[in-house]
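Inspection log for the structure reproduced underneath, given as structure tokens.
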Amino acid sequence: MPEGRIVKALSGFYYVADGDRVIQCRARGLFKKKDAKVNPLVGDWVVYESVSETEGYIMQVHERKSELLRPPVSNVDQAILVFSLKEPAFSSLLLDKFLVHTEHAGIDSVIVLSKADLAGAEETAEVIRKYERVGYRVIPTSKQDGRGVNELRAELRDRISVFAGQSGVGKSSLINLLFPGIELQTGDVSQKLGRGRHTTRHVELIPLAEGGYVADTPGFSSLEFIGLSELDLARSFREFEQLADGCRFRGCLHLSEPGCAVREAVETDEIDPARYEHYKQFTEELKEYQRRNKPW
Ligand SMILES: Nc1nc2c(ncn2[C@@H]2O[C@H](COP(=O)(O)OP(=O)(O)OP(=O)(O)O)[C@@H](O)[C@H]2O)c(=O)[nH]1
Ligand SMILES: [Zn+2]
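Those letters in the sequence shown? Residues 1 to 296, per our numbering, in order.
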């Protein structure tokens, strides 16, 4: 039976892309995964049965590599985290928070430093060094001189990507440069249309000519630590994870435990102390979040 990718879901129909064709499918029955019911999601790789050139039924949903809630899309390979160097000013605190969420979701990140035309070469290089050290791909871009655009386009090839970043950092400008004609759904639909009306987001995967897809809705719009444990948080810092084997205690949170390899590395600057400070700040925020959301 043929297979394809769900690129859009609307009114009980799933639109499955298979090569150049898009087949409008209904889901046949329920998909059981262990005991849970699985509803097909945009991003799913599915087996379908065609009943005509344009219509069919989804028969099976393949296992997901990742699953995001906002927007609801599966199998995202990477987040394109767009952070402007200026206007708004670059915030490593906010970037570190986004990275906690992408790491926790199990997806890779590409850091895009937008509006590089507004920043000095040395400060740009410093941010690049800081995050390359941790192991991320960092690409400075500018819509004024076009730098970084081809590099970023190459990163998107054959992968499913979600753009993310604060309002005004230049996400739409970038998408327009990368793929003229594609529009990113920006702003909150409910704000535009008034409360309670058309509040449901319908995420759609836009196919790229070079292969791959970009979600038409920005991701990671909520940065609350929902569903994260203290250990999840610690594990979301890549450079800590690499050293955690050297900690005396398994499950070390690298806070006040004796024999902590991560704290030692912070002392010697092997780990960026600023990242470690942000980690400590997030553990406090997480505690506060858990205190406010106690189930009793
Ligand atoms: N100097 C400079 N300005 C830029 C660049 N990219 C975007 N801008 C400007 O920044 C502002 C915001 O850009 P958008 O592309 O709308 O930002 P966005 O992230 O899509 O914003 P939302 O739609 O609110 O999510 C606009 O005035 C752009 O002209 C850049 O590379 N350099
Ligand atoms: Zn430790």
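From the three backbone atoms N, C-alpha and C, an ideal C-beta is built for every residue, glycine too.
Reference F83; option with closest CA among V76, E55, S74, T124
Of the candidates V76, E55, S74, T124, the one whose C-alpha sits nearest the C-alpha of F83 is T124.
Close beta carbons around S318, own chain, < 6 Å, minus the five adjacent residues each side:
The question about residue 318 has no answer here: the residues shown for the chain are numbered 1 through 296.
Among L223, L205, A274, L286, which residue has its Cα nearest to the Cα of W45?
Ranking the options by Cα distance to W45, first place goes to L205.
So within the segment 115–185, which uninterrupted beta strand (DSSP E) runs reach at least 3 residues, ignoring any that extend past its ends?
Within the segment 115–185, the complete beta strand (DSSP E) runs of at least 3 residues are 137–140, 160–164.
Roughly how many angstroms separate the alpha carbons of T102 and E241, rounded to a whole number?
Spanning the two alpha carbons is a distance of roughly 15 Å.
I'd like the span of the beta strand (DSSP E) that includes R5, first residue to last.
Taken as a continuous stretch (DSSP letters only), the beta strand (DSSP E) holding R5 covers 3–10.
Option in A209, G135, V61 with minimal Cα separation from G181:
That would be A209, whose Cα lies nearest to the Cα of G181.
Chain-ordered list of residues that sit, by beta carbon, closer than 5 Å to a heavy atom of ligand 2
In chain order, the qualifying residues are C247, C252, H254, C260, V262.
P218 to I175, Cα distance in whole Å?
Whole-angstrom Cα-Cα distance: 11 Å.
Nearest to A17 by alpha carbon, out of S172, P2, E224, S11?
If we check each option's Cα against that of A17, P2 comes out closest.
Return yes when the C-beta of L178 is under 6 Å from any heavy atom of ligand 1, and no when it is not.
Checking the Cβ of L178 against ligand 1 gives no.
Look at Y57 and R28 and say whether their C-beta atoms are less than 7 Å apart.
In this structure, R28 lies closer than 7 Å to Y57 by Cβ.
For my contact list, I160 and E151 are in at a C-beta cut-off of 8 Å; report their separation, rounded to the angstrom.
Not confirmed; about 19 Å, so no contact.
Should S344 be listed as close to ligand 1, given that the test is whether its C-beta is under 6 Å from any heavy atom?
Outside the modelled stretch of the chain, which goes from 1 to 296, sits residue 344, for which no answer is possible.
Given a cut-off of 7 Å on the beta-carbon distance, is the pair P71 and V203 in contact?
In contact: P71 and V203 (Cβ atoms closer than 7 Å).
Is it the case that the segment 251–265 contacts the segment 102–111, given that we only count it when at least three CB pairs across the two stretches are under 8 Å?
Taking one beta carbon from each stretch, the segment 102–111 and the segment 251–265 have fewer than 3 pairs nearer than 8 Å; the two do not touch.
Could you give the C-beta distance for V76 and I111, rounded to a whole number, given that I count them as a contact under 8 Å?
Incorrect: roughly 16 Å between the Cβ atoms, too far for contact.
Taking one C-beta from the segment 222–231 and one from the segment 8–24 each time, how about it: are there three or more such pairs within less than 8 Å?
At 8 Å Cβ cutoff, the stretches do not touch.
Hey, would you say the C-beta of K115 is under 6 Å away from at least one heavy atom of ligand 4?
In the structure on display, ligand 4 does not appear, and the ligands it does have are ligand 1 and ligand 2.
Just to confirm, are V42 and I80 a CB contact at a threshold of 7 Å?
Here V42 is not near I80, since their CB atoms are 7 Å or more apart.
Less than 6 Å between C-beta atoms, sequence neighbours within five positions excluded: which residues of the same chain meet that for G259?
Excluding positions up to five away in sequence, the list reads R248.
P207: first and last residue of the uninterrupted beta strand (DSSP E) it sits in
First-last of the beta strand (DSSP E) with P207: 205–207.
Taking the straight line between their C-alpha atoms, what separation do you get for Q185 and S11?
Rounded to the nearest angstrom, the two C-alpha atoms are 19 Å apart.
If I follow the unbroken alpha helix (DSSP H) through F13, where does it start and stop?
Here F13 belongs to no alpha helix (DSSP H); instead the beta strand (DSSP E) covers 13–18.
Output yes or no for whether 7 Å exceeds the beta carbon distance between E239 and V149.
Not in contact: E239 and V149 (Cβ atoms no closer than 7 Å).
Minimum C-alpha distance to D216 - residue among L178, D269, A244, V162:
Of the candidates L178, D269, A244, V162, the one whose C-alpha sits nearest the C-alpha of D216 is V162.
Spatial neighbours of A298 in its chain, beta-carbon cut-off 6 Å, leaving aside the 5 residues before and after
With the chain represented from 1 up to 296, any question about residue 298 goes unanswered, as that position is not in the structure.
Quick check: the Cα distance between S173 and E277, rounded to an integer number of angstroms?
Each residue's Cα considered, the two are about 33 Å apart.
Any heavy atom of ligand 1 closer than 6 Å to the beta-carbon of G181?
No, ligand 1 has no heavy atom inside 6 Å of this Cβ.
Limits of the unbroken beta strand (DSSP E) element including F83:
Where F83 is concerned, the enclosing beta strand (DSSP E) stretches over 78–84.
Using 7 Å as the threshold, is the C-beta distance between A265 and L286 below it?
Contact check for A265 against L286 fails: the beta carbons are separated by 7 Å or more.
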